[in-house]
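Residue numbers (our numbering), protein chains in the order written: chain A, -12 to 453; chain B, -12 to 453; chain C, -12 to 453. C-beta: ideal position from N, C-alpha, C; glycine also. Everything numeric in this text was worked out from a predicted model, so none of it was measured. Structure first, commentary second.
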Amino acid sequence: MMLSEQRLLPSDPTVRGIAESLYAGIAALPIVSPHGHCNPRWFADDVQFTDPTELLIKPDHYLLRLFYSQGIELARLGRGVNANEDNRAIWQLFAEHYPSFEGTPSKIWLDHAMQKVLLIEEPLTAENADRIYNDICRRLRENDYSARKLFERFGIEVLATTEGALDGLQYHDRIAQSDWKGRVITTYRPDQVTDPDTPDFSEKLARFGAMTGEDTANWKGYLNAHRKRREEFRRRGATATDHSHPNANTADLGKPACQHLLDRILVGTATTEDKEAFRAQVLTEMAGMSREDGMVMQLHCGVRRNHNSALFSEFGPDIGGDMPRRAEFVNALAPLLNRHGNDPNLRLVLFTLDESTYSRELAPLAGHWPCLRIGPPWWFHDSPEGMRRYFASVIETAGFANLAGFNDDTRAFFSIPARHDMWRRELASFLARLVTEGRLSEAAAHGIAADLAYHAAKRVYGLTTP
Amino acid sequence: MMLSEQRLLPSDPTVRGIAESLYAGIAALPIVSPHGHCNPRWFADDVQFTDPTELLIKPDHYLLRLFYSQGIELARLGRGVNANEDNRAIWQLFAEHYPSFEGTPSKIWLDHAMQKVLLIEEPLTAENADRIYNDICRRLRENDYSARKLFERFGIEVLATTEGALDGLQYHDRIAQSDWKGRVITTYRPDQVTDPDTPDFSEKLARFGAMTGEDTANWKGYLNAHRKRREEFRRRGATATDHSHPNANTADLGKPACQHLLDRILVGTATTEDKEAFRAQVLTEMAGMSREDGMVMQLHCGVRRNHNSALFSEFGPDIGGDMPRRAEFVNALAPLLNRHGNDPNLRLVLFTLDESTYSRELAPLAGHWPCLRIGPPWWFHDSPEGMRRYFASVIETAGFANLAGFNDDTRAFFSIPARHDMWRRELASFLARLVTEGRLSEAAAHGIAADLAYHAAKRVYGLTTP
Amino acid sequence: MMLSEQRLLPSDPTVRGIAESLYAGIAALPIVSPHGHCNPRWFADDVQFTDPTELLIKPDHYLLRLFYSQGIELARLGRGVNANEDNRAIWQLFAEHYPSFEGTPSKIWLDHAMQKVLLIEEPLTAENADRIYNDICRRLRENDYSARKLFERFGIEVLATTEGALDGLQYHDRIAQSDWKGRVITTYRPDQVTDPDTPDFSEKLARFGAMTGEDTANWKGYLNAHRKRREEFRRRGATATDHSHPNANTADLGKPACQHLLDRILVGTATTEDKEAFRAQVLTEMAGMSREDGMVMQLHCGVRRNHNSALFSEFGPDIGGDMPRRAEFVNALAPLLNRHGNDPNLRLVLFTLDESTYSRELAPLAGHWPCLRIGPPWWFHDSPEGMRRYFASVIETAGFANLAGFNDDTRAFFSIPARHDMWRRELASFLARLVTEGRLSEAAAHGIAADLAYHAAKRVYGLTTP
């Protein structure tokens, strides 16, 4: 359907009126995207995207998963060794199944990308799919649609990408060396060298040592290797690290115990508990380093990756087979917090896929510990209903000031405006309800709206001074 | 109170208007009831119900439990060896305590049954209880009130009952042999011969063997016995199996390990873990058989049955003493799903009593695995607020297409229209909210409403070709 | 902001109209406060409060925690050995950070206390903080602002305080001996002598024995000591006990096993499991004593106290560092319930900080066991959104009749009217929604509103006959 100007705003005329006014005040604010997965090469090379299917379908795990749930094999969507290579046919297939996305945020993001970014003036259907495919192809070839032009047109003030500890940072270097003024920064994501369950972990640690000139078989050297890489990332603008762990467990062990864990991991005698303890200790070390170097620490935990073994074998990760797990933060984070958490200069942003932790754990923790901020609704919960539950569950205990604002967390570049817009509309709607119920003044609501749409992300992620 | 025509629809005039239109389009659709616990004898014998208390009170565990919570002993409600045998007095007691049911779905179901089915034209009170008792008695004696006539008047297109693996299926045979055209089918529920904690389990396995001519002490024979009984059930129209397990654990063991488990169970040396592993393995086997024979598999798990030991000793099961448990699906179902879950011809419908699993586990799982569908809100959550949380929690991640439609899951025959009507009203209300907020077109909403009110249940349960 | 007369009521005009009518019927009902933490000395001495900071800021753990989360050290708020002693400066600091409380219930409580109790006619800001400080100081010195006068002005019919098993009850005696008619009663909270993890537990048991003339090293003597102290508390008006446990675990052990546990605890060889078993057994014993003496038992469980070790060392407990834990009731309470739960004269009121237990455990349990009642939303959930989730999650399964009404659970005396008022407004709003949706008659809604605002607390806590 064609997007309405009032989309997502509440139906009640009184609330809607206030929501419209609040939204009007923030709709055009610049986009601050402190966490995401765009490819920095796009901006280094100022790439021109070419094909609707390559751009919008094949890389989108939200789409792949829901298609797959409806019995459509991933090869038909252009993935894997036996992939359908006819992108036009894939687009047609997508259009035929587009109604399966009704009610999902993907539908809103895609409609937004097609209507507001690609300027398609009719809703996608099986009938007009081919024509719209042509229209998008034509549009993408226009000069305005290069990555940098879109970055500017989207009003992006800063965009963080995510690179691994072993990744090169050449694209960020090239962006910095170019005459383009767009601010694209990296984020330090060291999972490959912190999670002993990573394939070829020992070899990766060896490479990590080679990159940094440190002996990563030695606990002290291993930590120094992190310090040096963090420094490299900071030199490419990074203000944050990101950690994807199976759970939030942290530990606070003595150095000899840490060395023993590392030894057992390297010789291959580590137990499951050893590996768990290693990951847990590393999180605490990362918090300590954040106190040293000021990098904001993000924790995205509680996912069972690649739940579907056969699909993982055939297609690899990120095809929609990751599943949330029950989460626990209060006991899990106690070692880290008691070691580092009273330092008001530390920033640790927590994300969850288990909404029962919003009111039970995240809001109480963030409403006490000075280092903590609550990240926005993540992944499956980055949606209208997800945001409503989030606001309704965390604000009363954590206040607005302990939120981290929004991040889009996406590799789908064309969806970035849609995602920030959804957050701003839901934020305006929630605040409007508080105003209507006499729980907040309209003046205060305007200030909070601007803060959570824009300023909070800059403040929490230390992005104010480029 | 007398039921209003707009009951359950949202208050906001704009949303209500759309909800009314959506509801009008589905209110009169036939009832498809693919899972429930009506007694097939009613339809075999075309029974005439006689007494309001026997019909509406004594068999209803929802009523018994809330009465009991208010200090009213079950004997006073006509249950147990010292039961009050004066049904008229029980009805009076019920009427006096009827206000305790305010705010519960039971109140809406009962008001509906009395007003819409039994055509009582005033709300039940302590004062008019006796007169209404007489009125209902009189009404029940009318020709229109035989089981078959009501089935037709309710607009039931198909009604599934549930029988155990050791149960006879004679009532279904008699229905088939009669000249009545109503479609009443059975469902294969083998818990008695799959759960080693069942009393006299070995003896039951022996009977299971005798019924099927298989050696159920042998793993292969045991599985064949299931295959033969499933075939018998299918010949009585069954399209589905149902499994009530304490949790969702599944396993994927080799045949020797399965035989060892069975051996230990039969000789009485099985540990708690052995029994758990047996149940877990059986679920995976059932999924495998569903791939063979096309029967839809339903999993109702996460209940601690008979929480009140004294009451269970005196009154047996199903008197309102069952309690939900915390549920976990992601890890628990991984063995079954990785063995069978990529087969798009398999259908596994999941139900939960732990609402925190809606957004955290069921929607992400069903939004990926092609075999999975999410069952409607179950038991305590088959209610207005329960449905609202369900829709708001599952749709955004699973889409509408991964839902199984509605099932009433009831033994309370007179409540069937009320339950489907509640679902239809809540469905219309949820969709109307999406329309009003610009998240769904009204045309699409009409299609989804019809699908989830009627077509989805037929499609998911394979009921389209009788 | 200045409080509006319609605050917290729903925006929709139809629902609001009904909510206003329901609220009008209960707004002026007397306050029954069956559980809280006010200091009985205030009423024994009819104290005159003197300082806004001492009164409203320094004792309020809700304020301390949110301030601390924003990087403001507790010493700056007047706590600890290096405390800022300038109350006026603390008040100024508070006013500057007051916007951090937007969206929290604390803001509503404080605005209410300032506007409705202290009659301040403008919202607190950094600019007017000093003048308002003076105004409050002046007001507090007025005769009307003594503790007893406020008690009367607040319309408090009965106020329960909470004392430990080893505490003196002299203030209650002095209130009783005075000519003041206000009803201030105590509550038996024996955690110090039931939790073996209490510091100096053996010494405390010895004092407990000395107070009661019982040998508390002997299991029978230990139980008798409780019986005698309960009797002492009852003589000071107590109708209830209260138990703060880390979880809801209960046990039903034989006497020898109980003696063994006690022995190991007293000689210091008790394991973690022993201590857990002891706490679990004590809860069951307390339920048994409640059957004997009629005292209502309250269980507040599921908190990890003093999560921040450094802050606890420096400032002690109750400074905002307590964190909720995941809760489980169904299995945990089974031993107690199966021993005592079928006695309709027993009253056990359950509270939770884990909202996922509302619909999954508390409502199903309370909708069956005659002894159980569900306490109101507790602590972090004593808030508008918390109450909405509570009503929407428990009523459909437990009915209204299994709720315990409201308790404010506060040591912040000036906030008591605000808290009861918030409950009454939310109650009216929830009921109005049911009425508008045709789920409840307006007449029934008026009755339920009055019950849950006033009568239920008296009935459940046995407060009807002073």
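- Trp206 of chain B to Gln246 of chain B span [Cα, whole Å]: When rounded, the distance between both Cα atoms is 5 Å.
- Message: Under DSSP, the beta strand (DSSP E) around Glu60 of chain C begins and ends at which residues?
- Response: Going by DSSP, Glu60 of chain C is part of no beta strand (DSSP E) at all; its letter is neither H nor E.
- Query: So, using beta-carbon positions, are Arg128 of chain B and Phe30 of chain B closer together than 8 Å?
  - Reply: No; because the gap between Cβ atoms is not below 8 Å, this pair is not in contact.
- Message: Residues in the same chain with beta-carbon distance under 8 Å from His99 of chain A, minus the five sequence neighbours each way, listed in chain order, please.
- Response: Apart from the 5 residues on each side of it in sequence, His99 of chain A sits with its Cβ closer than 8 Å to the Cβ of Leu(-10), Ser402, Pro404, Ala405 and Asp408 in its chain, given in chain order.
- Where do the N-terminal and C-terminal ends of the beta strand (DSSP E) with Leu286 of chain C fall, by residue? In the DSSP annotation of this structure, the continuous segment of the beta strand (DSSP E) that includes Leu286 of chain C starts and ends at Val283 to Cys288.
- Item | Distance, Tyr345 of chain A Cα to Leu111 of chain B Cα | Leu111 of chain B and Tyr345 of chain A have their C-alpha atoms roughly 43 Å apart.
- Item | Proximity of Ala350 of chain A and Val381 of chain A at Cβ, strictly below 8 Å | Remark: C-beta atoms of Ala350 of chain A and Val381 of chain A approach each other more closely than 8 Å.
- Contacts of Ala297 of chain B in chain C (Cβ-Cβ under 8 Å): Proximity of chain C to Ala297 of chain B at the Cβ level (cut-off 8 Å) is accounted for by Asn325 and Asn329, in chain order.
- Shorter than 8 Å from the beta carbon of Ser(-2) of chain B to some beta carbon of chain C? True, the Cβ-Cβ gap to chain C drops below 8 Å.
- Query: Which chain C residues are close to Asn389 of chain A, counting only those with a beta carbon under 7 Å from its beta carbon?
  - Reply: Result: Ser56.
- Task: Mind listing the chain B neighbours of Leu(-10) of chain A? Cutoff is C-beta to C-beta under 9 Å, in chain order.
- Result: Within 9 Å Cβ-Cβ: Gly425.
- Message: Beta-carbon within less than 6 Å of His230 of chain A's beta-carbon, same chain only, minus the 5 sequence neighbours each way: which residues are those?
- Response: Residues Leu286 of the same chain have their beta carbon placed closer than 6 Å to that of His230 of chain A, with the five preceding and five following residues left out of the count.
- Query: What residues in the region 121 to 141 of chain A bring their beta carbon closer than 8 Å to a beta carbon of chain C?
  - Reply: Against chain C - using a Cβ distance shorter than 8 Å - the region 121 to 141 of chain A contributes no residues.
- Message: Measuring only the C-alpha atoms, how far is Asp239 of chain A from Cys25 of chain A?
- Response: Rounded to the nearest whole angstrom, the CA to CA distance from Asp239 of chain A to Cys25 of chain A is 34 Å.
- Query: Which class does Glu150 of chain A belong to by DSSP, given the choice of helix, strand or coil?
  - Reply: Secondary structure of Glu150 of chain A (DSSP, three-state): strand.
- Task: Check Glu144 of chain A in the structure and name its three-state DSSP category.
- Result: Looking at Glu144 of chain A - three-state DSSP - the assignment turns out to be strand.
- Round the Cβ separation of Gly289 of chain C and Arg326 of chain C to the nearest angstrom and send it over; I've been treating them as touching at under 8 Å. Not confirmed; about 22 Å, so no contact.
- So, does the CB of Thr384 of chain B fall closer than 8 Å to a CB anywhere in chain A? Cβ-Cβ to chain A under 8 Å: yes for Thr384 of chain B.
- Item | Cross-chain neighbours of Leu352 of chain C in chain B, by beta carbon under 7 Å | Chain B residues near Leu352 of chain C: Met310.
- Would you mind working out which of A:Tyr209, A:Trp410 and A:Ala444 sits nearest Leu248 of chain A, comparing C-alpha positions? When each option's Cα is compared against that of Leu248 of chain A, the closest is A:Tyr209.
- Task: Grab me the residues of Leu50 of chain A's own chain with a C-beta within less than 7 Å of its C-beta, minus the 5 sequence neighbours each way, in chain order.
- Result: Sequence-distant Cβ neighbours of Leu50 of chain A in its own chain, meaning closer than 7 Å and more than five residues away, are Ile44 and Ser93.
- Range covered by the beta strand (DSSP E) that runs through Leu335 of chain B: Per DSSP, Leu335 of chain B belongs to the beta strand (DSSP E) from Leu335 to Phe338.
- Task: For the region 374 to 394 of chain A and the region 409 to 423 of chain B, state whether three or more C-beta atom pairs, one from each stretch, are separated by less than 8 Å.
- Result: As far as the Cβ criterion goes, the region 374 to 394 of chain A does not touch the region 409 to 423 of chain B, which means the pair count is below three.
- Task: Run through the region 295 to 333 of chain B for me and flag every whole beta strand (DSSP E) of 3 or more residues, listed as ranges in chain order.
- Result: For the region 295 to 333 of chain B, not a single whole beta strand (DSSP E) run of length 3 or above is found.
- Could you tell me the distance, in whole angstroms, from the CA atom of Val68 of chain A to the CA atom of Arg126 of chain A? Approximately 30 Å between the Cα atoms of the pair.
- Task: Could you check which residue in B:Pro243, B:Asp280, B:His368 and B:Pro233 has the C-alpha nearest to that of Thr259 of chain B?
- Result: Considering only alpha carbons, the answer is B:Pro233.
- Sequence ranges, beta strand (DSSP E) only - wholly within the region -10 to 59 of chain C, length at least 3: If we require 3 residues or more, the beta strand (DSSP E) runs fully inside the region -10 to 59 of chain C come out as 18 to 20.
- Task: For my contact list, Gly144 of chain A and Arg170 of chain A are in at a C-beta cut-off of 8 Å; report their separation, rounded to the angstrom.
- Result: Reading off the sequence, residue 144 of chain A comes out as Glu, not Gly. With 8 Å as the limit, Glu144 of chain A and Arg170 of chain A qualify as a contact, their Cβ atoms being about 7 Å apart.
- Query: Can you check whether the CB of Glu219 of chain A is closer than 8 Å to the CB of Leu156 of chain A?
  - Reply: Yes, the Cβ-Cβ distance between Leu156 of chain A and Glu219 of chain A is below 8 Å.
- Message: Strictly under 8 Å for the Cβ-Cβ distance: is His287 of chain B near chain C by that measure?
- Response: Not an interface residue.
- Counting only beta-carbon atoms, is Pro364 of chain C nearer than 8 Å to chain B? Not closer than 8 Å to any Cβ of chain B, the Cβ of Pro364 of chain C fails to qualify, so no.
- Message: Run through chain B and tell me which residues come within less than 9 Å of Ser428 of chain A, C-beta to C-beta.
- Response: Within 9 Å Cβ-Cβ: nothing; Ser428 of chain A doesn't reach chain B, min ~24 Å.
- Message: Can you find the residues in the same chain that come closer than 7 Å, C-beta to C-beta, to Ala6 of chain A, ignoring five residues on each side of it along the sequence?
- Response: Excluding five sequence positions before and after Ala6 of chain A, the CB atoms of its chain that fall closer than 7 Å to its own CB belong to Leu(-4), Pro(-3), Ala415, Ser416 and Ala419, given in chain order.
- By how many angstroms is the C-alpha of Phe88 of chain A removed from the C-alpha of Glu372 of chain A? For the pair Glu372 of chain A and Phe88 of chain A, the Cα-to-Cα distance works out to about 15 Å.
- Query: In the DSSP assignment, what residue or residues form a beta bridge with Asp187 of chain A?
  - Reply: Per DSSP, none; premise fails for Asp187 of chain A.
- Query: Got a sec? Which residues, its chain only, sit under 7 Å from Phe9 of chain A by beta carbon, not counting five neighbours each side?
  - Reply: The residue you asked about is not Phe; residue 9 of chain A is Leu in the sequence shown. Cβ-Cβ distances below 7 Å link Leu9 of chain A to Ala415, Leu418, Ala419, Ala432, His433 and Ala436 in the same chain, with the five nearest sequence neighbours on each side left out; the list follows chain order.
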